[in-house]
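Each residue of the sequence shown is one higher than the one before, starting from 2 at the first, in the numbering used here.
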Amino acid sequence: MSVPPKSSTANLIEGEFNLLCALAGKDLTTEQIERIARWNFSSVDWAELLWLAEHHGVLPLAARNLIGYGCALPAEIEQRLRSEYETNLRRSLWFTAELARIAQQFGCRQVRVLPYKGPALAQSLYDDPGLRSFSDLDFLVAAADFVRAKITLAEIGYRPSKEFSPAVERLWLRTGYECSFDGPAGKNLVELQWGVLPHFYAVDLDVPELLERANRAVVGGCELPSLSPEDLLLVLCLHAAKHLWARLIWVADIAETLRTQSIDYSQVLERARDRGIVRMLGVSCWLVKNVLRVELPEPAEEVIAADPEVPILGAEFAERLSRDAAYDFESTEYFRLIGRLRERRSDRWRYRWRLVWTPGASDVAAVQLPEALFPLYRIVRIGRLARKLLLRAES
Numbered sequence: 002m003s004v005p006p007k008s009s010t011a012n013l014i015e016g017e018f019n020l021l022c023a024l025a026g027k028d029l030t031t032e033q034i035e036r037i038a039r040w041n042f043s044s045v046d047w048a049e050l051l052w053l054a055e056h057h058g059v060l061p062l063a064a065r066n067l068i069g070y071g072c073a074l075p076a077e078i079e080q081r082l083r084s085e086y087e088t089n090l091r092r093s094l095w096f097t098a099e100l101a102r103i104a105q106q107f108g109c110r111q112v113r114v115l116p117y118k119g120p121a122l123a124q125s126l127y128d129d130p131g132l133r134s135f136s137d138l139d140f141l142v143a144a145a146d147f148v149r150a151k152i153t154l155a156e157i158g159y160r161p162s163k164e165f166s167p168a169v170e171r172l173w174l175r176t177g178y179e180c181s182f183d184g185p186a187g188k189n190l191v192e193l194q195w196g197v198l199p200h201f202y203a204v205d206l207d208v209p210e211l212l213e214r215a216n217r218a219v220v221g222g223c224e225l226p227s228l229s230p231e232d233l234l235l236v237l238c239l240h241a242a243k244h245l246w247a248r249l250i251w252v253a254d255i256a257e258t259l260r261t262q263s264i265d266y267s268q269v270l271e272r273a274r275d276r277g278i279v280r281m282l283g284v285s286c287w288l289v290k291n292v293l294r295v296e297l298p299e300p301a302e303e304v305i306a307a308d309p310e311v312p313i314l315g316a317e318f319a320e321r322l323s324r325d326a327a328y329d330f331e332s333t334e335y336f337r338l339i340g341r342l343r344e345r346r347s348d349r350w351r352y353r354w355r356l357v358w359t360p361g362a363s364d365v366a367a368v369q370l371p372e373a374l375f376p377l378y379r380i381v382r383i384g385r386l387a388r389k390l391l392l393r394a395e396s
């Protein structure tokens with residue numbers, strides 16, 4: 002990705018971001034359309050806006066809405082926007098066709114998987130593959146079916162991006178949550194995920210249960226399983242929370258889910274309470290309302306009102322989102338923020354415990370142990386964490 006251009010003033014950056022927020026939706030309200038139409042486009046830093054739109058993953062939406070509702074756009078900018086949309090559409094159509102091909106192969110081998118994000122999300126939320134950008138295909142699969150799924154992908158030319166020994170693979174199925182695959186068309190094109198979040202986040206959303214509750218949807222002319230509306234909302238909120246809502250597209254996806262899906266909010270709240278993620282749901286809804294200015298359904302408003310920490314955290318994440326502040330996802334600050342997103346003390350302690358004791362791929366790569374001694378990777382992890390904290394303190 003290119004380096005963002007320098008703006009002349011902080012206010013200009015804020016202006017471009019606010020415009021981007023107004024553009025980041027599929028079916029805009031009359032108020033949103035009028036807001037775009039009244040915008041003073043002569044003052045827009047187009048290089049800044051286009052960079053922000055690409056960085057936040059909403060360039061196709063911004064292009065469609067600027068062309069449809071903007072007034073007196075510079076000719077070269079309108080041409081660039083049309084080109085960006087068409088380029089994304091061609092890429093998305095390729096991924097959609099590939100999704101259908103892979104899903105057909107899984108079906109032939111009777112491997113149960115559930116595609117989500119990517120083309121499935123573009124179809125269910127935006128009804129247009131050109132309005133949602135993505136760079137890979139994600140499939141949820143039960144851990145018990147991972148090996149069969151991997152073999153099935155190999156039959157059509159997909160290989161793990163990083164090969165593990167059978168012993169390490171078994172360890173990773175217990176402590177990790179995903180595996181990337183390279184294909185004939187490039188690297189990291191497919192992900193098999195047997196968890197929605199890594200194990201150490203201590204949010205145990207059971208993939209077999211998601212598969213059991215799945216609906217059916219037509220994507221690229223192929224009928225495929227899809228997340229139920231209730232599970233889709235929670236999964237999108239968890240994914241956004243994992244990344245601390247650092248990109249607008251993740252907030253926009255949640256907004257479109259609330260707007261387009263028939264959701265049983267009693268089920269959403271029941272599942273969120275069971276797993277201690279009501280605060281993550283609340284912050285997501287707060288950001289939809291206060292960053293994108295989208296009206297919320299009453300149950301979402303009630304989730305926000307029930308937790309005084311939600312607006313505090315929401316405002317913090319919104320401020321960082323508006324100035325494109327980067328997070329170090331291996332820093333103590335990041336882990337502290339993830340802890341604050343858990344409303345129950347027991348979940349915070351469980352998260353901290355797993356964070357310390359769950360070995361990651363880098364821990365396994367640092368020291369090679371026989372399978373019988375794999376429990377010692379916990380000691381390796383503690384040692385590496387202590388060393389990292391010491392180095393940070395010294396710097």
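Quick reminder that beta carbons are idealized off the backbone N, C-alpha and C, glycines included.
Where residue i falls, given that 16 or more other Cβ within 10 Å makes a residue buried
i           : result
residue 242 : buried
residue 125 : buried
residue 328 : exposed
residue 398 : What is shown of the chain runs 2 to 396, which leaves residue 398 out entirely.
residue 18  : buried
residue 286 : buried
residue 255 : buried
residue 221 : buried
residue 1   : Outside the modelled stretch of the chain, which goes from 2 to 396, sits residue 1, for which no answer is possible.
residue 305 : buried
residue 142 : buried
residue 176 : buried
residue 258 : buried
residue 211 : buried
residue 167 : exposed
residue 275 : exposed
Length of the line joining the Cα atoms of residue i and residue j
i           : j           : result
residue 11  : residue 324 : Annotation note: pLDDT 36 at residue 11 (below 50); position unreliable, no value reported.
residue 347 : residue 61  : 42 Å
residue 128 : residue 49  : 28 Å
residue 216 : residue 208 : 14 Å
residue 39  : residue 72  : 8 Å
residue 119 : residue 53  : 21 Å
residue 145 : residue 350 : 28 Å
residue 83  : residue 68  : 8 Å
residue 110 : residue 153 : 7 Å
residue 16  : residue 45  : 8 Å
residue 139 : residue 331 : 24 Å
residue 13  : residue 289 : Bear in mind that the predicted position of residue 13 carries a pLDDT of just 33, short of 50, making it too unreliable to give a figure here.
residue 43  : residue 75  : 9 Å
residue 343 : residue 31  : 37 Å
residue 41  : residue 303 : 36 Å
residue 341 : residue 309 : 12 Å
Cut-off 6 Å between Cβ atoms - residues of its own chain near residue i, not counting five sequence neighbours on either side
i           : result
residue 103 : none
residue 197 : 206, 236, 239
residue 135 : 119
Proximal residues to residue i (C-beta, below 7 Å), its chain only, five neighbours per side dropped
i           : result
residue 273 : 235, 279, 282
residue 378 : 360, 364, 365, 370
residue 65  : 86, 132
residue 381 : 360, 364, 367, 368
Closest residue to residue i among the options (Cα-Cα distance)
i           : options            : result
residue 47  : 37, 68, 78         : 78
residue 248 : 262, 55, 40        : 55
residue 383 : 294, 142, 395, 367 : 367
residue 338 : 179, 317, 351      : 317
residue 261 : 360, 351, 229      : 229
residue 223 : 116, 389, 351      : 116
residue 123 : 267, 362, 27       : 27
residue 165 : 315, 363, 142, 296 : 363
residue 94  : 137, 80, 112, 76   : 137
residue 29  : 389, 294, 315      : 294
residue 186 : 244, 76, 174, 96   : 96
residue 193 : 34, 182, 169       : 182
residue 160 : 265, 390, 190, 225 : 190
residue 59  : 314, 89, 174       : 89
residue 354 : 211, 200, 302, 342 : 200
residue 264 : 380, 284, 301, 142 : 301
residue 157 : 179, 99, 173       : 99
residue 148 : 218, 389, 174, 163 : 174
residue 297 : 335, 320, 252      : 252
residue 113 : 213, 184, 34, 246  : 213
Residues that DSSP places opposite residue i in a beta bridge
i           : result
residue 194 : 141, 179
residue 223 : 220
residue 117 : 139
residue 160 : 183
Chain-order list of residues whose beta-carbon lies under 8 Å from that of residue i (same chain, five-residue window excluded)
i           : result
residue 36  : 23
residue 392 : none
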